[in-house]
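Heads up: the structure comes next, in structure tokens.
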Amino acid sequence: MIEIRIPKEIKNYREKLFFGLTLRQCICAGVALLICVPLYIFGNKYLPQEALSWLVILIAAPLMLAGFFRYNDMTFEQFAVEFIYHNFTSQKRVYSYEPIFMELRNEYISDELAAEIEEKESKSALKRFLRKAGIRRG
């Protein structure tokens, strides 16, 4: 029986070309192979095998990353541009001004209110106690 996967969100659908890879992934893998295979074959004469292997990996990794990387529906190129823009350019500055004395004033007022409320509560508690005890204040 043939099984077809249907994504829940239609925007997530990607047409598969070869071996379950999208066209973008196939092109990037092909470019990586076209560059790295001849480099490895012809580089054996000039570099030791271990150094050449690392060179091929370092060249192939960004090419493969460009094809397979997706973040929040952004391709590698879009993500790289946004990353560079966000981290290396000056951002829009938001002007906000609240003087220090306003903070001190607000703190002072809140402390005064708390003391006043506490004083009223203690007086009302004293009145209730005196009423229950039957003592009249004159």
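Numbering (our numbering), first residue to last: 83 to 220. Heads up, the beta-carbon is just placed ideally off N, CA and C, and yes, glycines get one too.
Through-space distance from residue j to residue i, alpha-carbon basis
i      : j      : result
ARG152 : TYR128 : 37 Å
PRO120 : PRO130 : 15 Å
ARG175 : MET146 : 37 Å
GLU203 : LEU186 : 26 Å
TYR179 : PHE158 : 39 Å
PHE100 : ILE88  : 18 Å
ILE191 : ARG213 : 33 Å
LYS209 : ASP193 : 24 Å
ALA197 : GLY216 : 28 Å
LEU195 : PHE211 : 24 Å
TYR122 : ILE141 : 11 Å
MET156 : TYR167 : 15 Å
Residue i (DSSP reduced to helix, strand or coil)
i      : result
LYS98  : strand
LEU103 : strand
TYR153 : strand
PRO120 : helix
GLY216 : coil
LYS202 : helix
VAL176 : coil
PRO181 : coil
ASN169 : helix
Of the residues the options, the one placed nearest residue i, counting alpha carbons only
i      : options                : result
ILE139 : PHE150, ILE117, GLY149 : ILE117
VAL113 : PHE101, ILE86, ALA143  : ALA143
Beta-carbon separation (whole angstroms), residue i vs residue j, contact threshold 8 Å
i      : j      : result
LEU115 : ASN126 : Between ASN126 and LEU115 the Cβ distance is about 17 Å, and since that is not below 8 Å, they are no contact.
Taking one C-beta from the stretch 104-112 and one from the stretch 132-150 each time, how about it: are there three or more such pairs within less than 8 Å?
-> yes
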